[in-house]
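Undergrad: Everything in the sequence shown is counted per my numbering, starting at 2 for the first residue and increasing by one. Okay, handing you the structure first.
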Amino acid sequence: MFQLGIIASGSKGNCLLVRGNEGAILLDAGLTGKKIAEGLDQLKIETAELKALIISHEHSDHIRGAGIVCRKYQIPLYITRETYACSAGKFGNLPAGIKFFEPGKTFRINDLIIIPFASSHDAVESSNFKILQDGNSNSQLGVATDCGYFTRLMKERLMECTTLVLESNHDEIALINGPYRWDLKQRVKSRQGHLSNHQAVSVVSQIIHPGMKRLILAHLSEQNNTPELAYEEMRKFLAEIQHELELQVASQYQVLPLQDI
Ligand SMILES: [Zn+2]
Ligand SMILES: [Zn+2]
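Right, here's the structure in full:
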């Protein structure tokens, strides 16, 4: 078993679940503890299965419920030192402990092998992830959100993913015409901001390979995008290159059920 479920994804809160044979991990906890508990219920995950919470960076849409989740399920918090240093006060007591990971350094949680790598984002030490499973050479998961542009490192890490969760944050025209203040528009568009629908297509065009079977567009902006716009731009591209895969859009409000990676 090597599965992915998404409890929520979007600018208002992110929480993913990856499940191996020997337990499951949460990737980010940017929702209330209550919402995460409801999501786990919907995914039918026994809380005893949870082994860890991994945090990608310190923005509140990724850490909001982190302390609560670690206490409630008695799981350790995995985080980089820099991220912890700038957000420690927000977690409260962590009885199951803190484990520091380093960008670029692989670590394991039971049969799951986690390869964190730096993303270009306006956070102190933001990470994206590649996740493998021990003994399973057929499947690789890539998770890349909160990135301003597609770096060479991202390309290397995401090259062989069979399932890819990729940011498709905004429609570039909707952002320009939308309600954000000018400085915030600049922030989103910058090389430390978020990938647009158009940039997501460009990323996929550079890493797609016959083994990629599932692509999940994620971290959509509620103000500057719609699931339809994101889906349609990617669908058109996939049709042009005649690559068939399962294309989905992760939602802020609906749990994406468990599926094989
Ligand atoms: Zn975010
Ligand atoms: Zn962020």
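We put the CB at the ideal spot given by N, CA and C, even for glycine. Treat the numbers as computed from the prediction; the structure is a model and nothing was measured.
Between the stretch 164-180 and the stretch 224-240, do at least 3 Cβ pairs fall closer than 8 Å?
TA: Yes: at least three Cβ pairs fall under 8 Å.
Undergrad: Going by alpha carbons, who is nearest to residue 63 out of 262, 123, 15?
TA: Closest by alpha carbon: 15.
Undergrad: With a 10 Å radius around its C-beta and 16 neighbouring C-beta atoms as the bar for buried, classify residue 107 as buried or exposed.
TA: Exposed, since its Cβ has fewer than 16 Cβ neighbours within 10 Å.
Undergrad: Per DSSP, what kind of secondary structure is residue 11 in: helix, strand or coil?
TA: In the structure shown, residue 11 sits in coil (DSSP, three-state: anything other than H, G, I, E or B).
Undergrad: Give me the DSSP bridge partner(s) of residue 185.
TA: According to DSSP, which records beta bridges pairwise, residue 185 is partnered with nothing at all.
Undergrad: Quick one: Cα of residue 198 to Cα of residue 128, how far?
TA: Taking the straight line from one Cα to the other gives about 20 Å.
Undergrad: Compare the beta carbon distance of residue 205 and residue 196 with 8 Å and say whether it is the shorter of the two.
TA: Cβ distance not < 8 Å, so residue 205 and residue 196 don't count as in contact.
Undergrad: Hey, quick one: how far does the alpha helix (DSSP H) through residue 231 stretch, first residue to last?
TA: First-last of the alpha helix (DSSP H) with residue 231: 228-242.
Undergrad: Report the rounded CA-to-CA distance for residue 18 versus residue 100, giving the unit in angstroms.
TA: Approximately 18 Å between the Cα atoms of the pair.
Undergrad: May I ask you to report which of helix, strand or coil DSSP gives residue 91?
TA: Reduced to three states, the DSSP call for residue 91 is helix.
Undergrad: Which of helix, strand or coil does DSSP assign to residue 16?
TA: Residue 16 falls in the strand class under three-state DSSP.
Undergrad: If you draw a straight line from the alpha carbon of residue 44 to that of residue 21, how long is it in whole angstroms?
TA: For residue 44 and residue 21, the distance between alpha carbons rounds to 14 Å.
Undergrad: Run the Cβ filter for me: residues under 5 Å from any heavy atom of ligand 2, listed in the order they occur in the chain.
TA: Per the Cβ criterion, the list is 60, 147.
Undergrad: Let me know the secondary structure DSSP gives residue 165 once reduced to three states.
TA: Strand at residue 165.
Undergrad: In the DSSP output, which residue or residues are listed as bridge partners for residue 21?
TA: The partner list for residue 21 (beta bridge, DSSP) reads 24.
Undergrad: Would you identify the three-state DSSP class for residue 261, choosing helix, strand or coil?
TA: Three-state result, residue 261: strand.
Undergrad: Nearest by alpha-carbon distance to residue 93: which of 111, 109, 81, 73 is it?
TA: Taking only the C-alpha atoms, the option nearest residue 93 is 73.
Undergrad: What's the C-alpha gap between residue 210 and residue 240?
TA: Going by the C-alpha atoms only, they are around 14 Å apart.
Undergrad: Report the rounded CA-to-CA distance for residue 260 versus residue 6, giving the unit in angstroms.
TA: Those two C-alpha atoms are separated by around 7 Å.
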